[in-house]
Every structure is written in C-alpha cells, then in structure tokens.
Amino acid sequence: MTPETWQRVKVVVADATDLDGDERAQFVSRACADDTALRREVESVLAHAGERFERAADAMSKVAGAAEGNGLAGIRIGAYELVREIGRGGMGAVYLARRADQEYNKEVAIKLLKRGTDTDEVLRRFRAEREILARLEHPNIAQLLDGGTTQDGLPYFVMEYVAGARITDFCFASNLSIHQRIQLFLKVCAALQFAHQNLVVHRDIKPANILVTADGEPKLLDFGIAKLLDPSDEPVDITVAERQRLTPAYASPEQVRGQPITTVSDVYALGALLYELLAGVGPHRFSNVHPAPAELLRVIAHGEPARPSVAAADPQRRHRLRGDLDRILLKALRKEPAERYRGVGSFAEDLRRYLEGLPVRARPATFGYRAGKFLGRNKSGVAIAAVLVIGGIAGTVMMLMSARQAELQAKRAERHFKDVRQLANSFLFEFHDAIATLPGATAARQLVVSRALEYLDKLAREASGERALQLELAAAYLKIGDVQGKPYTPNLGDSAGAVRSYQKAAEIVAPLARTESSAARNTDARRLLSTAYISLAAVQARTNELDAALANNERALRIGEQLLTDGGAHADEWRRLLISCHTGMGDAIQAGNHQLRDLNRYRAAVEHYRRALPIAEQLIAANPHSVPDLVGLAKACARIAGMLPPLDVAGADPVHFREAMALHDRNLELLRAAMKHEPGNSQVRRNIAGALIAKAYARCVAATDLEQAAADCDRAIQIFDRLAAADSLNAEAQQDLSYGHYVKGWAHQLRGEQPRAAEHYHASLAILEPLIQRHPGNIETSYDLEQARRRLAETDAAGAPR
Numbered sequence: 003m004t005p006e007t008w009q010r011v012k013v014v015v016a017d018a019t020d021l022d023g024d025e026r027a028q029f030v031s032r033a034c035a036d037d038t039a040l041r042r043e044v045e046s047v048l049a050h051a052g053e054r055f056e057r058a059a060d061a062m063s064k065v066a067g068a069a070e071g072n073g074l075a076g077i078r079i080g081a082y083e084l085v086r087e088i089g090r091g092g093m094g095a096v097y098l099a100r101r102a103d104q105e106y107n108k109e110v111a112i113k114l115l116k117r118g119t120d121t122d123e124v125l126r127r128f129r130a131e132r133e134i135l136a137r138l139e140h141p142n143i144a145q146l147l148d149g150g151t152t153q154d155g156l157p158y159f160v161m162e163y164v165a166g167a168r169i170t171d172f173c174f175a176s177n178l179s180i181h182q183r184i185q186l187f188l189k190v191c192a193a194l195q196f197a198h199q200n201l202v203v204h205r206d207i208k209p210a211n212i213l214v215t216a217d218g219e220p221k222l223l224d225f226g227i228a229k230l231l232d233p234s235d236e237p238v239d240i241t242v243a244e245r246q247r248l249t250p251a252y253a254s255p256e257q258v259r260g261q262p263i264t265t266v267s268d269v270y271a272l273g274a275l276l277y278e279l280l281a282g283v284g285p286h287r288f289s290n291v292h293p294a295p296a297e298l299l300r301v302i303a304h305g306e307p308a309r310p311s312v313a314a315a316d317p318q319r320r321h322r323l324r325g326d327l328d329r330i331l332l333k334a335l336r337k338e339p340a341e342r343y344r345g346v347g348s349f350a351e352d353l354r355r356y357l358e359g360l361p362v363r364a365r366p367a368t369f370g371y372r373a374g375k376f377l378g379r380n381k382s383g384v385a386i387a388a389v390l391v392i393g394g395i396a397g398t399v400m401m402l403m404s405a406r407q408a409e410l411q412a413k414r415a416e417r418h419f420k421d422v423r424q425l426a427n428s429f430l431f432e433f434h435d436a437i438a439t440l441p442g443a444t445a446a447r448q449l450v451v452s453r454a455l456e457y458l459d460k461l462a463r464e465a466s467g468e469r470a471l472q473l474e475l476a477a478a479y480l481k482i483g484d485v486q487g488k489p490y491t492p493n494l495g496d497s498a499g500a501v502r503s504y505q506k507a508a509e510i511v512a513p514l515a516r517t518e519s520s521a522a523r524n525t526d527a528r529r530l531l532s533t534a535y536i537s538l539a540a541v542q543a544r545t546n547e548l549d550a551a552l553a554n555n556e557r558a559l560r561i562g563e564q565l566l567t568d569g570g571a572h573a574d575e576w577r578r579l580l581i582s583c584h585t586g587m588g589d590a591i592q593a594g595n596h597q598l599r600d601l602n603r604y605r606a607a608v609e610h611y612r613r614a615l616p617i618a619e620q621l622i623a624a625n626p627h628s629v630p631d632l633v634g635l636a637k638a639c640a641r642i643a644g645m646l647p648p649l650d651v652a653g654a655d656p657v658h659f660r661e662a663m664a665l666h667d668r669n670l671e672l673l674r675a676a677m678k679h680e681p682g683n684s685q686v687r688r689n690i691a692g693a694l695i696a697k698a699y700a701r702c703v704a705a706t707d708l709e710q711a712a713a714d715c716d717r718a719i720q721i722f723d724r725l726a727a728a729d730s731l732n733a734e735a736q737q738d739l740s741y742g743h744y745v746k747g748w749a750h751q752l753r754g755e756q757p758r759a760a761e762h763y764h765a766s767l768a769i770l771e772p773l774i775q776r777h778p779g780n781i782e783t784s785y786d787l788e789q790a791r792r793r794l795a796e797t798d799a800a801g802a803p804r
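FYI, the numbering for the sequence shown is 3 to 804, going by the working numbering.
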C-alpha cells in the first residue's frame, strides 16, 4: 500500500468507526465510490482495528440490557408502561412506552435516570434538561409531555416519541438534491433559532440528535448538555466534564478550548452538519473516533477545513457546491465566533438567498458577482443583458487602458485590471454556462464569449508571463470554438473558425503542459490540452481532415490515460475525458465511410465506442443522478447502436439489429432520466429527438415496423423544429431538422407512399441546399444532401407513369 493510499484509508476509517452495521457499510461504499482497492483496505482495517470498539460496545450493551433494559420492560411509570430500551447515554436510558391505562393508544419516549448515577451533578443536569424542554414547544423539537419521579426516587420525563432516521441517513437514503437538503436543514435552523430565542444553547448538534420522520419532518432531540443562557446574554462557561461529553466532529473551537460558549457555538455545529449533508463527508479528519485533546485542539481550533466543493466525491456535487455554498459553509465554520454568522437566523437567511438565486452575504458584493446572480434569475433577457453588461466591460477596459498609461494612477490601473479580468471570467464561465443549454442562446453566447475573449486577450498581452491568465485565455478559446462549430451541440456552423480557436487554445496551453514540474499545476494544463485536441478532432472529422482528426484524438487519448493513471481527486473527470476520446476516435475512423466502403473501419469504430461504454457505466454507478454522466452513457449507447444496423445489412451478424434496438431504448431511457433532472436543458431535448430519429433509421434499414418509424420521426421533427425556430443561427439545429425530414421520407418511401416521401425529401433539401452554400466543407451536410437527392429521384421514378 502506498503512503497516499494509507492516508486515504485512515480518513475513511476514522469516520466509519463511529457508525454501526449497515450505516457503516453504506458510508464506506459512498466514501470509496468505485475505488475497489481502497474499499478492500478500509474493510480490512475496520475488521481488525475496529474489533475492539465493537466488542466493547457489544459487552456494554449486553450488560446494560440484561441489568436494566430487559428487566424494566413491563414496568409502569406514571400512566405509561415501558416496552423496550431505544437509547442509552451518560445520564440515563430512553425507553419506548405505551399508555397503560387504556385511555387511548399513544407511544412515547421516557428518559429515565440510571441507578447508581444519581449524584448531585447528574441530578442537576437531568432536571436542567427537563426545565429546558418545558420551555420549548416547536413543531421541529421533540415535545416534553410529562415528568416526575419513580417510586425508587429516580427522576424521569416523558417526551414525544420520534420514529425516524438520522438526518444524514435520511438525506442519502432518499437521494435528496442539494436544494432539498438545504430546505430540510432550514427547518432544523428554525427549531434551533426558537431554542436560542428562549435562551437555550444546545451544544450537541449532530446527526444522532436530529431525526427525520417518514413524512420528512426533522425533530431536534437530546438537550442533555444544553445550557440555559442568562438573560443578559453573557457567555456560558464550559466545565471539564462537559468538554469531555462533546462530539468531536461537530464541536466548535471554543468548546475544545474550554472557553465560554454562546449561541454562535451552535452555528458552528450547524455548519459542520450542513457540510456533511452537502459534501457527503464532515469538515474534520481525526486519526480515530476518540481523538486525544491535543489532536482535537490541532484539528478543530487550528486546522482549516477543505472547501466542500473540494471534499465532495461526486463531481456534479462539487460543481454545485463551488462558489456560494463554499463561502456560506466556511463562514459558519470560522475559528473565531465573531467572524461567523451572528446567529442561526443570519445563517438561515443566507441559505434562503442562495435558494432564491440572490447574492449571499458570505461573498463580497462585487459588481460581477451581483450581475451574475441577477442574470441567473432573469435568463429570459439574456441577449439584452449580455449587450448591456458587455458594454460595461468595454467601458471598464477603456478606463483600464487610460489608467495604466498614467504613472500616477498605477494602483488604480492595477485594481481595474483585476476587475476587468474578474468580470470577463464571470461572464465567460458563469453567465455563458448558465445560458448554454437554453433554447435560442447561440447569438448571446457568441456575443458574450467573443467580447470576453477580446478583453482577456488584451490583458494577456499586458501580463504575458502569468500562468493563470494563460489558462483562462485557453479556456476562453475553447468556448468560442464550441460556439463557432462544435459538432452535435448548438453552434454557428463555422468549422474553420472553430479549428482556429481550438488550435489557438492548444498553442497557449501546450507549453504549460510540457514544462510545469508540479503534478497538481500540470493537471489543469493537461486537461485543457486534451480537451482542445478532442474538440479539434471532432471538427476535423466533420470537414474530412481524417488523418489530422485521428492524430489529435490519439494525443488526447494518451493524455487522458496518463491522467487517470496518476489518479487523484479528479478520477471521474478523467474518465469522462476518456469517454470523449474513444467516441471521438470512433467518429474520426468512420467519418466519410458511408455506404460500407470499408467494413473494417466500421468495426474499428464500433470497438472504440464499446471501450467507452464500461467507463460510462462505471460513472453512472457512482453518480446515478449526474446529468453529464447520464448523457455520456447515452452517447456511448447511441454511437454503438447507430453503427450496428449497417453491419447487420452487410451480413456481419444477424444479432446486431436486435442489439441496436436495445441500445436505442437504453439511450432514450437515460436521456429521459436526465431531462427529469434538468427539464430546461435544450441539449438533452435535442439528444432525445436524435435518439428517436436514430431508432427510426434503424427500422428503415431493416425495413420493419415502418409505421412506428414514421411516428418516431414526427415526434423528433416537432422537437427539432422548435429548437431551430428558437435559434436561427444554430446550424446544428438546421441540420438536425433536415435529417429528421429525410428519415421520415425514407419511412414513407419504404411503405410505398411516394408523394408523402417526396414531400419530406423536398423539406430536407430546402434546408440543406442553403446550408451547404454557407459551409461547403462539412462532409456530413454534403452526404445528407447527396442522399436526399438520390432518394427523391427514386420516388420520382417510382411515381412516373409506365
């Protein structure tokens, strides 16, 4: 085992040893994801090192259960009869109980002080908890119903019985989205804010003390170490005994230091809890479940937690946590109480602002940030907003240039330089990405990216040696290339322009990828370089530059394989890169190979598509609700399915057609699942229409079920027509629509319906003829045009009088 692997094993084991049975197994499965070697090592360590924890826990549980739990079952306390023990803590045990007087059927929880622990200190704490609960009547706090003293003189109190799961378990088992988890968490915030308003600080916020009922309502429990605050709002001192009872994973720095605590200590614990709910892991790492005081102090009081977007294992979740949620959580987890949110209400308010798309208080209210949030809430006005704000960028750039020319205003020029860079990047990477999947956004995307690129280019000339700026510039060229002509996505059809942009990106980033010695720094450059090669190859395959396309795909594949071998936290990202490499290689191999001129090329292309399939399946297994991964697997299925009917016709294997139809069905199933998660995603909608057309084409190849083929074409044409009408500059949408009419015409032709076939062939040609004039180098357009003309001639000949 390498030292790096051992470090990862220790982190997972430290978190897992605090869990039991199925809960532990589920956690290990989530934490290790698809890393089977890591999982094997973790399970081995837990099986051996964890035995002492389990033996001790089992022994204590058996002794306590035999001595008290089982012995007290059936005992009557007040109006209730004890049924069984359901929990045990330092002061006492909690029992499930039922009404014993038959007045009505009601289950409750009774907390009963343990025999032999009724010291003055324990009695004081027990009565304090009862007094605290008496103050708190809130729908999300377990309610105190009654209390008293047993015949043996042991105090007890009766509480609402909460049948539910820990909040962490509930969120993961229910597969709640980030928004749903925050909404659930806000109910916990409301309960704790109510407690604070009643001068109660909980001091032990953790998943075990927050249960969620079957109908999704959280209940805050266990005020056993809670404190009543003085009305003067003075901090409460923490005793040595109380310090020992804290839960390390959620304890605040002031708690581990033994300093006075306030309600802001609960804010810290809430931050740690939400961090775990959203990132899937807690903010702190300890060497074991019960860390020594020195380690507690080092980790909690002095160590800095990683950003949640870095700690999360799921790439899609990392992306969604980046930015506002990173800032919100890290503010709640500040070391100094004065630097956190002033109270639970402020914390909750910032979370609500995030949910509503408003600027959050945890981030500086810069113009770029506020503008980005505004545009995110008002996407329907993207084109107007883009023009107005980019005009603002232009004005700012002019101010920058004039300011930098004046030596006396050097500091101001530097500040403007940073502002322009930040604003350009905000629109390039936030605003552009927010509108990229909206129907009709091609013109706005072109405007945003080209202007942002213009300003970044100017800045790069002024700071020619700055690595980060060069990477930003390369990423900008990749985006402008995508808008100009990335195949199978909304684009302007400018293949030559796209090639120039992708080549420029590769030229900028290639020296950085070759010369940087640091693996971490080198990763960014290699990722961008590989993406540039993949994108360049895709356009070259479409423009019949097949040797260049194959060479660039091979370069990208070598980089992707090396990145995956290097491993690290971004393994899933490298797997996505490899999927693009293999599908790109297949596309390049079979490009222009229509009419089965070379059967070996078809087989080679299918082989690359098949290599992409298990990688995509692996990603879906780890991230079943990730839209990019659902689309990636669907793409692999579609590519293989699209190749198999021609092989079947050539007599390679009669099983191919049935396999193709099964893959088409899987493709549609995956895309519809993605659409449920992102119903406004026009690219997914386009892919669904493409899947319907591909399935119809396969039926036409096999000359079977042609009525269904025509029906699928009708549904696809409706989608393509709407997308093309919404975005007149999108050449890809025009080509999609023309192909839909072509396949529909073929289905009618095969059914002997020549006039209807001719109608659709004419519709296809009406789109393709002006398209090929604008983009004469596109071999897909050329081939589609040739096929439509040939089919139309066949229908004309079939319909001519004999």
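Beta carbons: idealized from backbone N, C-alpha and C, even for Gly.
query = Among D526, A765, L471 and A543, which one has its Cα closest to the Cα of A500?
reply = A543
query = Looking at the unbroken beta strand (DSSP E) that takes in A95, where does it start and where does it end?
reply = G94 to R101
inquiry  = Classify L353: buried if its beta carbon has 16 or more other beta carbons within 10 angstroms, exposed otherwise.
reply    = buried
L331 in three-state terms, based on DSSP = helix
request  = Just mark E278 as buried or exposed, buried being the case when its beta carbon has 16 or more other beta carbons within 10 Å.
outcome  = buried
ask   = Rounded to a whole number of angstroms, what is the C-alpha to C-alpha distance between E771 and Y611?
value = 32 Å
key: 8 Å Cβ cutoff met for D326 and S311   = no
key: Assigned secondary structure, K481 (DSSP; H/G/I helix, E/B strand, else coil)   = helix
message = Measuring only the C-alpha atoms, how far is L548 from N780?
response = 12 Å
inquiry  = If you follow the alpha helix (DSSP H) that D496 is in, where does it begin and where does it stop?
reply    = Looking at the DSSP string, D496 is not in any alpha helix (DSSP H), and its letter there is neither H nor E.
message = Please report the distance separating the alpha-carbon of D667 from that of A314.
response = 32 Å
inquiry  = So, for Q620: in the same chain, excluding its five sequence neighbours on each side, which residues have a beta-carbon less than 8 Å away from its beta-carbon?
reply    = D36 and R577
key: Cβ neighbours of C191 in the same chain (closer than 6 Å, five flanking residues each side left out)   = V346 and A350
request  = Label T525 either buried or exposed according to how many other C-beta atoms from any shown protein chain fall within 10 Å of its C-beta, with 16 as the threshold for buried.
outcome  = buried
query = So which of A216, V629 and R78 has the shortest CA-CA distance to A102?
reply = R78
message = Contact defined as beta carbons within less than 8 Å: I believe G562 pairs with L579. What is the distance between those atoms, to the nearest angstrom?
response = 4 Å
ask   = In its own chain, which residues sit with a C-beta less than 6 Å from the C-beta of R137, not counting the 5 before and 5 after it?
value = N200
query = For A159, does the three-state DSSP call read helix, strand or coil?
reply = This sequence places Phe at residue 159; Ala is not what is there. Here F159 sits in strand by DSSP.
request  = For L201, name the three-state secondary structure that DSSP assigns.
outcome  = coil
query = Under the three-state reduction of DSSP, which class applies to R792: helix, strand or coil?
reply = helix
task = With a 10 Å radius around its C-beta and 16 neighbouring C-beta atoms as the bar for buried, classify Q564 as buried or exposed.
result = exposed
query = How big is the Cα-Cα spacing for A197 and E680?
reply = 38 Å
ask   = Smallest Cα separation from E109: which of Y163, R90, P157 and A144?
value = Y163
Residue from L670, A765 and G150 whose Cα sits closest to the Cα of L794 = A765
key: Whether L1 touches A144 by CB criterion (8 Å)   = Here the chain covers residues 3 to 804 and nothing more, so residue 1 does not appear.
key: DSSP state of A558 mapped onto helix, strand, coil   = helix
key: Close Cβ partners of H288 (< 7 Å) along its chain, the five nearest in sequence each way excluded   = A small correction: the amino acid at residue 288 is Phe; His does not occupy that position in the sequence shown. Same-chain partners within the cutoff: A16, P250, E297 and V301.
inquiry  = Along the chain, where does the alpha helix (DSSP H) containing R363 start, and where does it finish?
reply    = Element bounds for R363: n/a, residue is neither H nor E.
Start and end residues, beta strand (DSSP E) containing K221 = P220 to L222
request  = Would you decide whether K678 is buried or exposed? Buried here means 16 or more other CB atoms lie within 10 Å of its CB.
outcome  = exposed
ask   = Based on the DSSP secondary-structure assignment, which residues constitute the bridge partners of A111?
value = L98 and M161
key: Nearest to Q720 (by Cα), restricted to the options I690, I482, R701 and V703   = I690
inquiry  = Would L213 and A167 be called neighbours here (beta carbons separated by less than 8 Å)?
reply    = yes
ask   = Which ranges would you report for the alpha helix (DSSP H) in the segment 711-783 if only whole runs of at least 4 residues count?
value = 733-752 and 756-776
V15 in three-state terms, based on DSSP = helix
8 Å Cβ cutoff, R127 in contact with chain D = Absent here is chain D; the protein component of the structure consists of one chain.
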